[in-house]
Structures are given as structure tokens and as C-alpha cells.
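Undergrad: Before we start, here is the structure in question, set down as C-alpha cells.
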Amino acid sequence: MSSKAEEFDLLVREVFAPCYPVVANEIIEKTGISNGLCLDLGCGNGYLGLAIADATNMEVCLLDNDAEMLSICQRNITARQSNERVRTQLGDVHQIPLPEQSVQLVVSRGSVFFWEDPIQAFREIYRVLSPKGIACIGGGFGTVEIKQQIDRQMEQRDSGWKEHLRERIGPGCTEKYPPILSEAGIDNFKIDHGPTGLWIIFGRS
């Protein structure tokens, strides 16, 4: 396994770990969904999906296009003894390898900012959503206190950290997504933007 994948996992565990249980509960509260299948897109190390599994009775599919990241996911699944309800899936958000209308909750924290074709990706998310399913896509830190803690640590590691955040979840970012969602055929959506993050929430109409 490459040192890059292991270094990223170490960064997540040392800096970002406190936000995942809080973000998971935030998503559950925003969507009202706690049963069925949850799909964590661009899951990286799998910590968000695992936190959702811990907080609900949902089955969780951790999807990423990086096989090395999924190896770390599997290690984390085993460490948490979550093998019965959590699985990994190699795949791409632009062509999700799941049937139509098969997922009750689609989540993604941090991957939307790197999608090559966000219109196609949102179309795929809509395709796999069940009739009452909801997607919660974006990036966030849970609470102001956790964000401030992460900011302090990341500024020591990355001088461009604050600029990266402004580009991804800053005030101007809310204007970026409505045209993309409309082009993807998604008209009923909400953009939830605040001091701790930005989330795009929509269901199957």
C-alpha cells in the first residue's frame, strides 16, 4: 500500500476524526433517514459511513475509486467489528455500480469538490435514490468548536488551508450549484450553508 494512502489516513485520524460522529448525526437529523441502505460516495477512509453505521441500523456501502483507500476502509470496518452491515465497493461517482432507486441515503463529505463532471455525478446520485431517498452532499465540520480546532491544526500543516476552504465552502459557493443541479434534472433541492459547512440536500421528486 502506498505511503500516500497511509499518510492520509493518519491525517484524518489525528486531525479530522472528531468531526465524523457529529457530521453523521447532523446528516441523520437533516434527512430524517436512519434505516435502509446508505451510500458514502468518495468515502476515502470510510469514517463518515462508519459513523452513520454506528448511529443507525443502516447498511452502509463505502464507495471509492481508489483501491488502496478501500483497503484502509476494510481495515477500519474490521477494527470496528462492522463487517455485517458495512461493505466496500470500488467504483466511480460518475457511474455508480448500483441499481436504480436502491439507496435510501446518499452522503458524501468532501468529494464533490473534486468531481470531474458534477452534472453527471448528480444524475447518477438521483438515479440510485429510492423514491423516498435523500442525498446530503457537501462538506462540513459539525460544530464551530470542532472547525476551529481543525483549522488550527491544518494551518500548521498547510498555509493555504483557509483559502482552500473559501473556495469550497465559502459564501460564494452557494451560487455554483443551482445551475449544475438544474442541468442534472434536479429541481427540488436545498443548499444548507453556514459557519460549519455547506450541504446540498435533495430527494427523488
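Residue numbers (the numbering used here): 77 to 281.
Cβ coordinates follow ideal geometry from the N, Cα and C atoms, glycine included.
1) Ignoring anything shorter than 4 residues or poking outside the segment 110-177, list the alpha helix (DSSP H) runs there in chain order.
2) Would you list the residues sitting across from residue 211 in a DSSP beta bridge?
3) Report the CB separation of residue 119 from residue 139 in whole angstroms; it is logged as a contact under 8 angstroms.
4) So which of 172, 179, 171 and 126 has the shortest CA-CA distance to residue 160?
5) What number of angstroms, rounded off, separates the C-alpha of residue 206 from the C-alpha of residue 180?
6) Which residues in the same chain as residue 278 place their Cβ atom closer than 8 angstroms to its Cβ, once the five residues preceding and following it in sequence are excluded?
7) Mind checking whether residue 215 and residue 244 have CB atoms under 8 angstroms apart?
8) Are three or more beta carbon pairs between the segment 96-114 and the segment 126-137 nearer than 8 angstroms?
9) For residue 128 versus residue 100, is the C-beta distance shorter than 8 angstroms?
10) If you count every other CB in all the chains shown that lies within 10 Å of the CB of residue 194, and 16 or more means buried, which is it?
11) Looking only at its chain, what residues have a beta carbon closer than 7 angstroms to the beta carbon of residue 85, apart from the 5 residues adjacent to it on each side?
12) CA-CA distance, residue 275 and residue 204?
13) Consult DSSP for residue 268 and reduce its assignment to one of helix, strand or coil.
14) List the endpoints of the continuous alpha helix (DSSP H) containing residue 237.
15) Sort out for me which residues DSSP pairs residue 216 with in a bridge.
16) Check this for me: beta carbons of residue 124 and residue 116, under 8 angstroms apart or not?
17) Looking at the structure shown, is residue 258 part of a helix, part of a strand, or coil, going by DSSP?
18) Could you tell me which of 79, 90 and 82 sits nearest to residue 233, measuring between CA atoms?
19) What does the alpha-carbon distance come out to for the pair residue 189 and residue 254?
20) Can you give me the C-alpha to C-alpha distance between residue 45 and residue 144, rounded to a whole angstrom?
21) Hey, how far is the Cα of residue 224 from the Cα of residue 105?
22) Which same chain residues, not among the five before or five after residue 176, have their C-beta less than 7 angstroms away from its C-beta?
TA: Answer, in terms of the structure:
1) 123-131 and 143-155
2) 182 and 278
3) 6 angstroms
4) 126
5) 5 angstroms
6) 202, 210, 211, 257, 262, 264, 265 and 266
7) yes
8) yes
9) yes
10) buried
11) 121 and 148
12) 19 angstroms
13) strand
14) 237-245
15) 273
16) yes
17) helix
18) 90
19) 15 angstroms
20) With the chain covering only 77 through 281, there is no way to say anything about residue 45.
21) 22 angstroms
22) 203 and 204
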